[in-house]
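Protein chains in written order, with our numbering: chain A, 19 to 316; chain B, 4 to 245; chain C, 35 to 338. All C-beta atoms in this analysis are idealised placements derived from N, C-alpha and C, irrespective of residue type, glycine included. The structure appears below as structure tokens.
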Amino acid sequence: MARTRHVLPGFRLSLGYTITYLSIIVLAPFAALAWKSSRGGVEIFTSTLTDKRVLASLELSFTTSFYAALVCGFFGVLTAWALERYSFPGRRILDAMVDLPFALPTAVAGIALCTLYAPNGWLGKILSPGGLKNLYVSWVETPNQWVVNLLEPIGFKAAYSSTGITIALIFIGFPFVVRTVQPIIQGLSLEVEEAAACLGANRWQTFWRVIFPTILPGTLAGMTLAFGRAVGEYGSVVFISGNMPFKTEIAPLLIVSRLEQYNYNGAAALGFILLVISFLILLFSNLLQSWNNKRTAR
Amino acid sequence: MSIKIDHISKDFGKTNVLKDISLQVETGELVALLGPSGSGKTTLLRIIAGLEFPNEGEGAITFHGSEVTFQSAYARKAGFVFQHYALFNHMTVADNIAFGLKVMPRRSRPSSTRQKQIVQELLEKIQLPEYGRRFPTQLSGGQRQRVALARALAVNPQVLLLDEPFGALDAKVRKELRRWLREFHDSIKLTTLFVTHDQDEAFELADRVVILGDGEIQQIGKPDELRDKPVNEFVADFIEVE
Amino acid sequence: MAGIAQLNLPSGEDATRARIIARNQLARRATSDPLWMKATVLILSLGFLFVFFVLPLALVFQEAFRKGWEAYLKVFEDRATTHSIWLTLKVALIAVPLNTVFGLAAAWCVAHFRFRGKQLLSVLIELPLWVSPVVAGLIYVLLFGRQGLLGPWLFEKDIKIIFALPGIVLSTVFVTFPFVARVVTPQLQALGRAEEEAALTLGANGWSTFWRVTVPKIKWSLIYGIILCNARAMGEFGAVSVVSGHIRNQTNTMPLHIEVLYNEYQFVPAFAVASLLALLALLTLVIKSATTWFADRALRNAAL
């Protein structure tokens, strides 16, 4: 590339500063990670990847993140649609609320969610086995025995289980889907929907055949971001998860416990694996975004 | 199929966009709605298609004797062609054209082989027989507009409504497509109403021209009549200025 | 549905009434959703937001004030608590200006110039957002810790980074690294560079152009980036938890202090400290809405 003279000044200064700062804060530590994880040789990776506890934690992280991304995808699209297309009182406040997980410290979210879903918490009380029955009995003056029997077995353990982890990850991932889908819905051409209507498609058909395929790539990209964020999430999960090895121990937590046991090589290897995974997820999301841009290009 | 518009008015908030419009378009006729921007011509076309609704009270729109005033667009099924095509970018050209057939209720929906046949016939009619597998983004503006027309025709609409159909095209393509549309109309004889702000376009294409100004019909007539005998200053000015 | 196609309204006395009913029932715009769909979407999405966002926030304040105002205020007389608040403020006060300067420099070169490797640079700037906070802490432990790359050398010189303030600041800088840059860059790109070029032709030098033209132009998104960066800096948990060592009165920031209190079953103090951070989050959201509104308006005005 030929050297071009720039009209605006400060190119070298700003680029030089950016690269220096980036090298100190990001690149040097990553080099340390690569160095440390290579110190253990191939063996440390194979032993890490065959360790049952590691595999259990990775599987748990992936499955809970996957379910969380699915839930975020569903509610994220609904919320983005409501925020963009409907007018209702409090719409602006809700729009601002969506960013709460970006602004609320994860530790605060963690203890709040844990207390909420603990067996004696506001929601945990209702969700735990027999919770619905107790609610029914306390609300109705003369409880119907048949209903009591029906409600008795309903319920599940929310906090200190993989369900609890999923709940925390839904909270963390939600804004990623909404904020990716919202601009796409905003950019939808109303004329295209009108064209579908003039061709005899009812609203439901228009939604499934025209709107949904258009927002699908963006939704998937947002869900991938939510998934990527969820796999690495720590603060909001550790309180609600219960941290039982092999059962509710997520991968980032295992890194922490390896560090606490001074197993630096093992922590580095697992950290490196997590890093590669998040890099792949980011790449995949970018591919989805560019697929979306190509399709909606006019 | 004829269109009859009886005393239609339309307000957007406090602005009075259409004032007491009455108009009849005969079966097989090609009529132009001509007027400056803000004259309400697009609103009138959208009301005919069911994309907007007129004020409550008096006034009615009739398609060949049956009233459709408050029918939703999807029940009315007027063939509507948008200025910016409004094609479904995620579908192939063939799927775009077949869309109206695919969303029909099961009873009246043609079989998939029949659908393919209809699509192919239409592709040939718009002179794009080889383009079925392409995506709209791979076509030129003129080609896209013809696809939009074929898509509207696939469902056998009672009327065809074109909103500035050549507005987004460059001058040369405009002229070609204009001539092509006239021939095309002569071959299918579908009642057609189109909106334009370009009087050459209106006079060259239309059997009759309706001049709209300030939300009112200023004059209706054959192109020659309008040129020779403008009824008021507005029409005279408008034709002169262009 | 079948009736609609054959609609023929009665004429005569009932005509007007029938028309109004017909308009209300049938005349739905092609782009608006039927009422049942609107209701379903709104109930589901509002219900979701209530359960996942409103309830946890309400719970933080409810638990904090469970034993009344006095108990709440008493929490902040505890030395460990006040120390954690000061430490958090100190960390944010160092990390946020550092990242602001970086964000402005990065935005300036990414938005205004074309150069080889720009795409890679943008990806690297975004990277810290997608790295697990725990990994973000880990990499500093591996670089500066006793067993780390520079560990022996630092030990010799008696410089403490891990389990001390520098480590906390570094890991906070890492996780909040992209916020200012990724908010300011698109705004700077969208606003173009005509005004800067005009200022330069009028004889202004680079620095005064930057301070007098560019900064006022992007001030709203700059404020937005800074408050987002600040919220994350004060609230970071995972990365800081790995490097801090949890030493009470020394390296416990507010989020870490919350963890300690919560695990000791001191719920009122834990939620009282949490309520401060929750208030900060709410304030951040308010400022965010206001600044995006102003930034959008600036963009619209520029487009006119």
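Beta-carbon separation of Val20 of chain B and Thr46 of chain B under 7 angstroms? Yes, they are a contact pair.
Beta-carbon separation (whole angstroms), Thr133 of chain A vs Gly253 of chain A, contact threshold 8 angstroms: The beta-carbon separation of Thr133 of chain A and Gly253 of chain A, rounded to 15 angstroms, does not stay under the 8 angstroms limit for a contact.
Determine the direct distance from the alpha carbon of Leu305 of chain A to that of Phe328 of chain C, and round the result to whole angstroms. So the two alpha carbons sit approximately 32 angstroms from each other.
Beta-carbon proximity check, Ala231 of chain A vs His93 of chain B, cutoff 7 angstroms: Going by the sequence as given, residue 231 of chain A is Pro instead of Ala. Cβ distance < 7 angstroms, so Pro231 of chain A and His93 of chain B count as in contact.
Ignoring anything shorter than 4 residues or poking outside the region 84-118 of chain B, list the alpha helix (DSSP H) runs there in chain order. The region 84-118 of chain B contains these whole alpha helix (DSSP H) runs: 96-105.
Looking at C-beta atoms only, is the number of pairs between the region 200-217 of chain C and the region 265-282 of chain C that lie closer than 8 angstroms three or more? The answer is yes - the region 265-282 of chain C touches the region 200-217 of chain C, with three or more Cβ pairs under 8 angstroms.
Just to make sure I have the definition right: I need the residues of chain A whose C-beta is within less than 7 angstroms of the C-beta of Phe87 of chain C. Which are they? Those are Met115 and Leu118, listed as they occur along chain A.
In the DSSP assignment, find the alpha helix (DSSP H) that holds Val214 of chain C and state where it starts and stops. Counting along the chain, Val214 of chain C sits inside the alpha helix (DSSP H) bounded by residues Phe213 to Leu225.
Can you list, in chain order, the stretches of the alpha helix (DSSP H) that have 4 or more residues and sit fully within the region 47-125 of chain A? For the region 47-125 of chain A, whole alpha helix (DSSP H) runs of length 4 or above, ordered along the chain, are 59-68, 70-103, 109-115 and 118-121.
Can you find the residues in the same chain that come closer than 6 angstroms, C-beta to C-beta, to Gly37 of chain C, ignoring five residues on each side of it along the sequence? Confidence at Gly37 of chain C is low in this model, with a pLDDT of 35, below 50, so its placement is unreliable and no value can be given for it.
Nearest chain B C-beta to Ile38 of chain C closer than 7 angstroms, yes or no? The predicted model places Ile38 of chain C with a pLDDT of 38, which falls under 50 and marks its position as unreliable, so this point remains unresolved.
Residues of the region 120-135 of chain C with a CB closer than 7 angstroms to any CB of chain A: list them in chain order, please. Those would be none; no residue qualifies.
According to DSSP, is Lys13 of chain B part of a helix, a strand, or is it coil? Assignment of Lys13 of chain B by DSSP, reduced to helix, strand and coil, places it in the strand class.
Length of the line joining the Cα atoms of Gln72 of chain A and Val255 of chain A: At residue 72 of chain A the sequence reads Val, which differs from the Gln that was named. C-alpha separation (whole angstroms): 17 angstroms.
Given a threshold of 16 other Cβ atoms within 10 Å of its Cβ, counted over all protein chains shown, does Met241 of chain A qualify as buried or as exposed? Per the 10 Å Cβ criterion, buried.
Could you give the first and the last residue of the continuous alpha helix (DSSP H) run that contains Glu228 of chain B? For Glu228 of chain B, the enclosing alpha helix (DSSP H) has its first and last residue at Pro226 to Asp231.
For Val228 of chain A, collect the residues of the same chain with a Cβ closer than 8 angstroms to its Cβ; drop the 5 residues on either side in sequence, then sort them by chain order. Excluding residues within five positions, the ones whose Cβ falls inside 8 angstroms are Val210, Glu211, Ala214 and Ala219.
According to a CB-to-CB cut-off of less than 8 angstroms, which residues of the region 200-233 of chain C neighbour chain A? Under the 8 angstroms Cβ criterion, the region 200-233 of chain C contributes Leu204, Val207, Phe208, Phe211, Arg227, Glu230 and Glu231.
Could you tell me which chain B residues have their CB closer than 8 angstroms to the CB of Cys90 of chain A, listed as they occur along the chain? Those do not exist, as Cys90 of chain A stays about 23 angstroms from chain B at its closest Cβ, beyond 8 angstroms.
Cβ-based neighbour list, Ile183 of chain A, same chain, cut-off 6 angstroms, excluding 5 preceding and 5 following: Beyond the five residues adjoining it in sequence on each side, Ile183 of chain A comes within less than 6 angstroms, by CB distance, of Thr82, Val255 and Ser259 in the same chain, given in chain order.
Across the region 25-36 of chain B and the region 187-207 of chain B, are there enough close Cβ pairs to call them in contact, namely three or more that are closer than 8 angstroms? Yes: the two stretches touch, three or more of their Cβ pairs being nearer than 8 angstroms.
Going along chain C, which residues have a C-beta under 9 angstroms from Leu54 of chain B? Those are Arg63, Ala64 and Thr65, listed as they occur along chain C.
Three-pair Cβ contact test at 8 angstroms for the region 236-246 of chain C versus the region 162-172 of chain C: As far as the Cβ criterion goes, the region 236-246 of chain C does not touch the region 162-172 of chain C, which means the pair count is below three.
How would you call Leu122 of chain A, buried or exposed, if buried means at least 16 neighbouring beta carbons within 10 angstroms? Leu122 of chain A is buried by the Cβ-count criterion.
Determine the direct distance from the alpha carbon of Ile196 of chain C to that of Val109 of chain C, and round the result to whole angstroms. Spanning the alpha carbons of Val109 of chain C and Ile196 of chain C requires a straight line of approximately 29 angstroms.
Enumerated in chain order, which unbroken segments of the beta strand (DSSP E) with a length of 3 residues or greater are wholly contained in the region 161-196 of chain B? Listed in chain order, the complete beta strand (DSSP E) runs (minimum 3 residues) inside the region 161-196 of chain B are 163-166.
Contact between the region 176-193 of chain C and the region 43-52 of chain A: three or more CB pairs below 8 angstroms? Because the criterion of three Cβ pairs below 8 angstroms is met, the region 176-193 of chain C and the region 43-52 of chain A touch.
What are the residues in the region 69-87 of chain C lying within 8 angstroms of chain A by C-beta distance? So the close ones are Met71, Lys72, Val75, Leu76, Leu78, Ser79, Leu80, Phe82, Leu83, Val85, Phe86 and Phe87.
Rounded to whole angstroms, what's the CA-CA distance from Ser205 of chain C to Tyr39 of chain A? Just pull it up for me. Rounded to the nearest whole angstrom, the CA to CA distance from Ser205 of chain C to Tyr39 of chain A is 14 angstroms.
Applying a beta-carbon distance threshold of less than 8 angstroms, which residues of chain B neighbour Pro47 of chain A? The contacting residues do not exist; Pro47 of chain A stays about 43 angstroms from chain B at best.
If you follow the alpha helix (DSSP H) that Arg197 of chain A is part of, which residue opens it and which one closes it? Start and end: Ser180 to Gly205.
Is there a Cβ of chain C sitting closer than 7 angstroms to that of Ile8 of chain B, yes or no? No, Ile8 of chain B lies away from the interface with chain C (no Cβ there is under 7 angstroms from its Cβ).
CA-CA distance, Ile292 of chain C and Ser309 of chain C? In this structure, the straight-line span from the alpha carbon of Ile292 of chain C to that of Ser309 of chain C is close to 10 angstroms.
Enumerate in chain order the residues of its own chain whose CB-to-CB distance from Cys263 of chain C is below 6 angstroms, with the five nearest sequence positions on each side excluded. These residues qualify, in order along the chain: Val130, Asn133, Thr210, Phe213 and Val214.
Could you check the C-alpha separation between His320 of chain B and Gly91 of chain A for me, to the nearest Å? In the structure as shown, chain B starts at 4 and stops at 245, and residue 320 of chain B therefore has no counterpart that could be examined.
Counting along the chain, where does the beta strand (DSSP E) carrying Thr65 of chain B start and finish? Per DSSP, the unbroken beta strand (DSSP E) holding Thr65 of chain B starts and ends at Ala63 to Phe66.
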